[in-house]
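Presented below is the structure to which this report refers.
There are 2 protein chains.
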Amino acid sequence: MVHKYQLEDKVLLAVDCIIFGFDEEDLKILLIKRNFEPEKGKWSLMGGFLKREENLNIAANRILLQLTGIEKIYMEQLYAFSEVDRDPAERTISVAYFALINSKKHDKALIDKHSAQWFSVTELPELIFDHSEMITKAIRRLRYKTSKKPIGFELLPEKFTMRQLQKLYESILGEKLDKRNFINKINALDILIKLNEKDMNSSRKGSFLYKFDSKKYSQKVEEGFSFKL
Amino acid sequence: MVHKYQLEDKVLLAVDCIIFGFDEEDLKILLIKRNFEPEKGKWSLMGGFLKREENLNIAANRILLQLTGIEKIYMEQLYAFSEVDRDPAERTISVAYFALINSKKHDKALIDKHSAQWFSVTELPELIFDHSEMITKAIRRLRYKTSKKPIGFELLPEKFTMRQLQKLYESILGEKLDKRNFINKINALDILIKLNEKDMNSSRKGSFLYKFDSKKYSQKVEEGFSFKL
DNA sequence: TCAAAAGTGTTCACCGTACACCCATGG
DNA sequence: CCATGGGTGTACGGTGAACACTTTTGA
Numbered sequence: 000m001v002h003k004y005q006l007e008d009k010v011l012l013a014v015d016c017i018i019f020g021f022d023e024e025d026l027k028i029l030l031i032k033r034n035f036e037p038e039k040g041k042w043s044l045m046g047g048f049l050k051r052e053e054n055l056n057i058a059a060n061r062i063l064l065q066l067t068g069i070e071k072i073y074m075e076q077l078y079a080f081s082e083v084d085r086d087p088a089e090r091t092i093s094v095a096y097f098a099l100i101n102s103k104k105h106d107k108a109l110i111d112k113h114s115a116q117w118f119s120v121t122e123l124p125e126l127i128f129d130h131s132e133m134i135t136k137a138i139r140r141l142r143y144k145t146s147k148k149p150i151g152f153e154l155l156p157e158k159f160t161m162r163q164l165q166k167l168y169e170s171i172l173g174e175k176l177d178k179r180n181f182i183n184k185i186n187a188l189d190i191l192i193k194l195n196e197k198d199m200n201s202s203r204k205g206s207f208l209y210k211f212d213s214k215k216y217s218q219k220v221e222e223g224f225s226f227k228l
Numbered sequence: 000m001v002h003k004y005q006l007e008d009k010v011l012l013a014v015d016c017i018i019f020g021f022d023e024e025d026l027k028i029l030l031i032k033r034n035f036e037p038e039k040g041k042w043s044l045m046g047g048f049l050k051r052e053e054n055l056n057i058a059a060n061r062i063l064l065q066l067t068g069i070e071k072i073y074m075e076q077l078y079a080f081s082e083v084d085r086d087p088a089e090r091t092i093s094v095a096y097f098a099l100i101n102s103k104k105h106d107k108a109l110i111d112k113h114s115a116q117w118f119s120v121t122e123l124p125e126l127i128f129d130h131s132e133m134i135t136k137a138i139r140r141l142r143y144k145t146s147k148k149p150i151g152f153e154l155l156p157e158k159f160t161m162r163q164l165q166k167l168y169e170s171i172l173g174e175k176l177d178k179r180n181f182i183n184k185i186n187a188l189d190i191l192i193k194l195n196e197k198d199m200n201s202s203r204k205g206s207f208l209y210k211f212d213s214k215k216y217s218q219k220v221e222e223g224f225s226f227k228l
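Residue numbers (this note's numbering), protein chains in the order written: chain Y, 0 to 228; chain P, 0 to 228.
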């Protein structure tokens with residue numbers, strides 16, 4: 000027998016995505032210029048509504064694909080935002096997701112189509128609704144995450160230098176790190192492969208490139224290894 | 000101008016509460032016997048539906064009040080569960096909250112009214128829908144929380160012994176702790192007031208009672224003190 | 001030859017952990 | 001007088017943080 004909850008209020012359920020990227024210098028967030036009412040023309044997170052046949056993760060994936068053209072994106076549910084008047088048009092609860100992408104990989108045409116733009120986390124524009132609050136929460140969560148597991152690799156190209164990795168961590172944590180200590184710690188984790196290949200762009204001497212060793216990593220995860228950084 | 004999102008699907012939004020309590024021995028969870036369809040008669044978390052005029056926190060407060068009779072309960076949003084078929088009756092997304100209460104304080108009549116019962120986290124019955132998953136997530140979150148801030152006091156009576164506090168931490172973390180190290184750490188936090196009063200129930204010698212010093216605590220929070228345990 | 005970034009180890013202070021015995025009391 | 005839980009301190013190893021100089025090479 001199928002019973003129904005007849006008398007309860009229904010609401011719109013939105014998904015908003017905080018998309019983090021990294022451009023060798025700064026931690027950035029991808030924002031769109033809203034092309035529909037309300038608040039048309041203002042900056043906003045990329046979002047959409049949950050459809051009947053989707054769960055939230057699938058909806059978030061769909062929304063991320065729409066803007067970036069990337070299928071498999073690292074992504075986590077963040078928090079449900081539910082103030083009664085958060086969206087002036089209609090009662091809407093929004094579940095925020097944060098995502099990490101390699102900012103070189105996404106589809107430029109889609110970015111243009113949505114009038115999207117990358118903003119450094121230190122120089123964000125004014126945002127609609129409670130989107131600033133969402134971002135604040137996302138940054139906190141990202142900081143926490145990176146201190147517990149080496150999540151940051153999602154934001155880098157396949158091959159990267161120690162310098163880039165350090166800069167990434169610095170921009171996530173918002174503080175300078177000591178080069179030697181950083182390298183010691185990373186090496187202690189033992190999840191990188193040092194390549195016989197140098198990146199000659201950054202300096203005359205050139206710096207070795209590394210790859211993330213995902214096999215070793217997942218093995219260590221299974222063994223319960225603690226990745227504290 | 001008020002614009003509406005005309006064509007989007009609406010859903011029911013539920014709030015389910017994982018209510019933790021502590022009885023001097025075990026970490027427990029308060030469950031109810033469902034008195035409505037579907038799954039009537041089975042064990043379930045206390046829950047309810049979000050109303051038009053509420054945000055999620057307020058809804059969670061209302062639901063907690065209904066079952067416990069306590070107004071101000073420590074409570075945090077946990078996660079939104081959204082599998083399409085999680086509730087067979089109707090598409091329902093549920094935002095889970097976890098709450099910490101002093102299990103002595105709640106209203107017994109309300110417990111009876113809802114056919115509620117405390118279950119040790121190590122001996123949970125079969126639960127409806129995805130409620131087991133919610134509990135698993137809540138326990139993980141609680142463990143994390145207690146290692147970062149002294150959240151556990153919410154679960155104890157106003158006056159408590161070191162022994163009780165240690166047992167509480169042990170049952171949250173699921174492991175035995177060394178008495179001396181535990182006391183040293185707690186004392187290092189410097190957020191307890193030792194009373195000139197002993198609890199004579201636990202032993203012949205009697206053990207000193209302590210109170211949580213919430214002034215000192217909030218002062219330290221402001222100063223950015225790290226409460227790592 | 002010099003400017004610019006890469007690469008590399010050691011020391012020290014502090015923290016977490018392991019560990020065992022005496023105390024007070026009621027029965 | 002003894003059984004029961006309460007209360008107390010120290011030693012050691014490991015980890016995190018501070019710290020400076022040499023190397024390479026293109027311009």
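From the three backbone atoms N, C-alpha and C, an ideal C-beta is built for every residue, glycine too.
Checklist entry - Taking the alpha carbon of P/L91 as the point to measure from, which residue in P/F159, P/S102, P/A79 and P/Q116 has its own alpha carbon closest? => result Within the second sequence, residue 91 of chain P is the residue found at index 92, counting from 1. A small fix is needed here, since residue 91 of chain P is Thr in this sequence, not Leu. That would be P/A79, whose Cα lies nearest to the Cα of P/T91.
Next on the checklist: What does DSSP give as the partner residue(s) for Y/V94 in the beta ladder?
Outcome noted: In the first sequence, the residue the question calls residue 94 of chain Y occupies position 95. Partner(s): Y/V14 and Y/A79.
Checklist entry - Is Y/M0 helix, strand or coil by DSSP? => result What you label residue 0 of chain Y is simply residue 1 of the first sequence in a count that begins at 1. Residue confidence is low: Y/M0 scores 47 on pLDDT, short of 50, so the model does not pin down where it sits. No coordinate-derived value is stated.
Next on the checklist: Based on DSSP bridge pairs, tell me the residues matched to P/A115.
Outcome noted: Translated into the one-based positions of the second sequence, residue 115 of chain P becomes position 116. According to DSSP, P/A115 bridges with P/I31.
Item to check | Length at least 3, wholly inside the stretch 142-188 of chain P: the beta strand (DSSP E) runs in chain order | outcome: 158-160
Checklist entry - Is it the case that the Cβ atoms of Y/A163 and Y/E53 are separated by a distance below 8 Å? => result Residue 163 of chain Y sits at position 164 when you count from the first residue of the first sequence. Residue 53 of chain Y sits at position 54 when you count from the first residue of the first sequence. Checking the sequence shown, residue 163 of chain Y turns out to be Gln, not Ala. No, the pair does not count as a contact, with Cβ atoms beyond the cut-off.
Checklist entry - Given that P/D122 touches chain Y, what residues does it touch there, using C-beta distances under 7 Å? => result As a first step, residue 122 of chain P is located in the second sequence; it is residue number 123 there, counting from the start. The displayed chain sequence assigns Glu, not Asp, to residue 122 of chain P. Within chain Y, no residue comes near P/E122; the closest Cβ sits about 25 Å away, beyond 7 Å.
Checklist entry - What residues are listed by DSSP as bridge partners for Y/S206? => result As a working note, residue 206 of chain Y is residue 207 in the first sequence. Note: Y/S206 sits in a beta bridge opposite Y/D198.
Checklist entry - P/I127 touches chain Y at which residues, Cβ-Cβ below 7 Å? => result Counted from its first residue, the second sequence places residue 127 of chain P at position 128. Simply none; closest approach about 13 Å.
Checklist entry - Quick one: is Y/F48 near chain P, going by C-beta distance under 8 Å? => result Numbered from its first residue, the first sequence carries residue 48 of chain Y at position 49. So yes, Y/F48 belongs to the interface.
Item to check | the stretch 85-102 of chain Y: positions lying closer than 8 Å to chain P by Cβ | outcome: P87, A88, E89, R90, T91, I92 and V94
Item to check | Spatial distance of P/E221 from P/A59 (CA atoms) | outcome: As a first step, residue 221 of chain P is located in the second sequence; it is residue number 222 there, counting from the start. As a first step, residue 59 of chain P is located in the second sequence; it is residue number 60 there, counting from the start. Distance between the alpha carbons of P/E221 and P/A59 is about 27 Å.
Item to check | Contact set between P/S81 and chain Y, taken where Cβ atoms lie within less than 7 Å | outcome: On the second sequence, residue 81 of chain P is found 82 positions in, with the first residue counted as 1. The contacting residues are N54 and L55.
Item to check | Where Y/Q76 meets chain P, residues with beta-carbon distance less than 7 Å | outcome: As a first step, residue 76 of chain Y is located in the first sequence; it is residue number 77 there, counting from the start. Residues of chain P passing the Cβ test: Y78 and A79.
Next on the checklist: Using the three-state DSSP reduction, which class does P/I190 fall into: helix, strand or coil?
Outcome noted: Counted from its first residue, the second sequence places residue 190 of chain P at position 191. P/I190: coil per DSSP, three-state reduction.
Checklist entry - Hey, quick one: how far does the beta strand (DSSP E) through P/V46 stretch, first residue to last? => result Residue numbering aside, residue 46 of chain P sits at position 47 when the second sequence is read from its first letter. First, the residue type needs correcting, since residue 46 of chain P is Gly and not Val in the sequence shown. M45 to F48 is the span of the beta strand (DSSP E), which, as asked, contains P/G46.
Item to check | Sub-8 Å separation of Y/L44 and Y/I17 beta-carbons | outcome: On the first sequence, position 45 is the one that residue 44 of chain Y refers to. On the first sequence, position 18 is the one that residue 17 of chain Y refers to. Taking 8 Å as the Cβ cut-off, Y/L44 and Y/I17 qualify as a contacting pair.
Checklist entry - What residues from the stretch 136-160 of chain P come within 9 Å of chain Y, judged by C-beta to C-beta, listed N to C? => result none
Checklist entry - For a contact meaning CB atoms closer than 9 Å, what does Y/E306 contact in chain P? => result Beyond the ends of chain Y as shown, which are 0 and 228, falls residue 306 of chain Y; an answer cannot be given.
Checklist entry - Does at least one heavy atom of the ligand GTP sit under 7 Å from the Cβ of Y/G20? => result The model depicted lacks the ligand GTP and carries no ligand whatsoever.
Item to check | Spatially closest choice to Y/I150 from Y/R61, Y/H105, Y/S131 and Y/L172, by CA coordinates | outcome: Along the first sequence, read from residue 1 onward, the residue named residue 150 of chain Y stands at position 151. Selected option, being the one with the closest Cα: Y/L172.
Item to check | Contact check, Y/L194 vs Y/F211, beta carbons under 8 Å | outcome: Translated into positions along the first sequence, residue 194 of chain Y becomes position 195. Translated into positions along the first sequence, residue 211 of chain Y becomes position 212. No, Cβ-Cβ distance for Y/L194 and Y/F211 is not below 8 Å.
Checklist entry - For P/I62, does the count of other Cβ atoms within 10 angstroms reach 16, so buried, or fall short, so exposed? => result Taking the second sequence and counting its residues from 1, the one referred to as residue 62 of chain P is at position 63. Result: buried.
Item to check | Classification of Y/M199 by the beta-carbon crowding that lies within 10 angstroms, buried from 16 upward | outcome: Within the first sequence, the letter at position 200 stands for residue 199 of chain Y. Y/M199 should be labelled exposed.
Item to check | Inter-residue spacing [alpha-carbon to alpha-carbon] between P/K27 and Y/P156 | outcome: If you number the second sequence from 1, residue 27 of chain P lands on position 28. If you number the first sequence from 1, residue 156 of chain Y lands on position 157. About 46 Å.
Checklist entry - How would you list, in chain order, the residues of chain P whose beta-carbon sits under 7 Å from the beta-carbon of Y/K9? => result Numbered from its first residue, the first sequence carries residue 9 of chain Y at position 10. Residues of chain P passing the Cβ test: K9, V10 and L11.
Checklist entry - Does the Cβ-Cβ distance between Y/F181 and Y/A98 come in under 8 Å? => result Here residue 181 of chain Y corresponds to residue number 182 of the first sequence, with the count starting at 1. Here residue 98 of chain Y corresponds to residue number 99 of the first sequence, with the count starting at 1. Going by C-beta atoms, Y/F181 is not nearer than 8 Å to Y/A98.
Item to check | Per-residue contacts from Y/Y4 into chain P (C-beta, under 8 Å) | outcome: Here residue 4 of chain Y refers to the residue found at position 5 of the first sequence. Within 8 Å Cβ-Cβ: L11, F48, A88, E89 and T91.
Next on the checklist: Please identify the residue among P/D8, P/G47 and P/S213 whose C-alpha is closest to the C-alpha of Y/L6.
Outcome noted: By 1-based counting over the first sequence, the position of residue 6 of chain Y is 7. Nearest of P/D8, P/G47 and P/S213 to Y/L6, Cα basis: P/G47.
Checklist entry - Since P/R51 is in the alpha helix (DSSP H), which residue starts that stretch and which ends it? => result Stepping through the second sequence from its first residue, residue 51 of chain P is reached at position 52. No alpha helix (DSSP H) holds P/R51; DSSP gives it neither H nor E.
Checklist entry - With Y/L154 and Y/F21 assumed to form a contact (beta carbons below 8 Å), what rounded beta-carbon distance in angstroms separates them? => result The residue given as residue 154 of chain Y occupies position 155 in the first sequence. The residue given as residue 21 of chain Y occupies position 22 in the first sequence. That belief holds up - the Cβ atoms of Y/L154 and Y/F21 are roughly 4 Å apart, short of 8 Å.
Next on the checklist: Is there a Cβ of chain Y sitting closer than 8 Å to that of P/D51, yes or no?
Outcome noted: Walking along the second sequence from the start, residue 51 of chain P turns up at place 52. The sequence shown places Arg at residue 51 of chain P, not Asp. Taking Cβ atoms only, chain Y reaches closer than 8 Å to P/R51, which makes this a yes.
Checklist entry - How should Y/T121 be labelled, buried or exposed, when 16 other C-beta atoms within 10 angstroms of its C-beta is the threshold for buried? => result Along the first sequence, read from residue 1 onward, the residue named residue 121 of chain Y stands at position 122. It counts as exposed.
Item to check | Helix, strand or coil at P/S213 according to DSSP, with G and I counted as helix | outcome: Stepping through the second sequence from its first residue, residue 213 of chain P is reached at position 214. Three-state result, P/S213: helix.
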